[in-house]
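Here the sequence shown stands for residues 17 to 90, numbered as in the numbering used here. Cβ coordinates follow ideal geometry from the N, Cα and C atoms, glycine included. Read the structure below first, then the notes.
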Amino acid sequence: MFSNLNAEMGRAKLSIKSLSELTGINYETLKLKFRGVTEFKLCEMVEIKRKAFPDKTLDYLFATDDSGSEEGRK
């Protein structure tokens, strides 16, 4: 669902479990959000960006279509 976030996690060798531990967001909650069952809250998105990918933009990390795939990568 969030291809840029998944790609950056792969580059950083971060699993959902390790992202959960890094951010303090419950693992089961994160799994549901990555599967699209529930939506990310803004505070969760900010926490993921701040703790795991401070050099990326929220628009880039959480883009759901091709329009933001290259933006924010720098």
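query: Same chain only: Cβ atoms within 7 angstroms of LEU46, ignoring 5 sequence neighbours per side; result: ILE32, LEU35, SER36
query: Neighbourhood of ALA28 by C-beta distance below 8 angstroms, restricted to the same chain and skipping five residues each side; result: ALA68, PHE69
query: Residue from GLU44, VAL53, TYR43 with nearest C-alpha to MET17; result: VAL53
query: For ILE41, three-class secondary structure by DSSP; result: coil
query: Cβ-Cβ distance between LEU21 and LEU77 below 8 angstroms; result: yes
query: Three-state class that DSSP yields for ALA23 in the structure shown; result: helix
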